[in-house]
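If you count the sequence shown from 1, position 95 lands on 95 in the UniProt record's numbering, and the numbers rise without skipping. Don't be surprised by glycine CBs; every beta carbon is placed ideally from N, CA and C.
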Amino acid sequence: MALTKNERRLRIKSRIRKVVSGTESRPRLSVFRSNKEIYAQIVDDVTGKTIAAASSRDKDISSAKGNKTEVAALVGKSVGEKAVKAGVETISFDRGGYLYHGRVKSLAEGAREAGLKF
């Protein structure tokens, strides 16, 4: 029987997570995308701590007008600014099993604009 879309994504995600992990010097930018919202957090996997997080549900971002791709760019910018303020400059990008296209790509470009290096 064929895999559902979500089961396929979770398999891809587990393959990615075998390789990509966050350290204190190079934390991981993790992306979760639902049909309506997008969430991003910068995680240090060694200590299990979230350094910075942003989502499209944040008050300053949810009030912004635009399509989902434009909102994802704002989320990337927001999480990037919070990370730079916390002293993080380089990260490893975890696309969470999603294709690097559309909203995920827009979020990554927004984080690069804020000063993060991938």
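When the Cα atoms are used, what is the spatial distance from Asp-58 to Val-31?
About 15 Å.
Is Val-19 near Ala-54, with beta carbons less than 8 Å apart?
For Val-19 and Ala-54, no; Cβs fall outside 8 Å.
State yes or no: is the C-beta of Gly-97 within less than 8 Å of the C-beta of Arg-9?
Cβ atoms of Gly-97 and Arg-9: closer than 8 Å.
Tell me whether Arg-8 sits in a helix, a strand or coil according to DSSP, three-state version.
Helix.
Measure the C-alpha to C-alpha separation of Pro-27 and Arg-17 and round it to an integer number of angstroms.
The alpha-carbon atoms of Pro-27 and Arg-17 are separated by roughly 13 Å.
In three-state DSSP terms, what is Ile-51?
Strand.
Taking the alpha-carbon positions, what's the Thr-50 to Ile-42 distance?
Near 6 Å, if we compare the C-alpha coordinates of Ile-42 and Thr-50.
Is it right to say Leu-99 is buried, meaning 16 or more other beta carbons lie within 10 angstroms of its own, or is it exposed?
Exposed, by the Cβ-count rule.
Is Ile-42 a contact residue of the ligand GDP, with contact defined as CB to any heavy atom under 7 Å?
Among the components of this structure there are no ligands whatsoever, and the ligand GDP is therefore not found.
Helix, strand or coil at Asp-60 according to DSSP, with G and I counted as helix:
In the three-state DSSP reduction, Asp-60 falls in the helix class (H, G or I).
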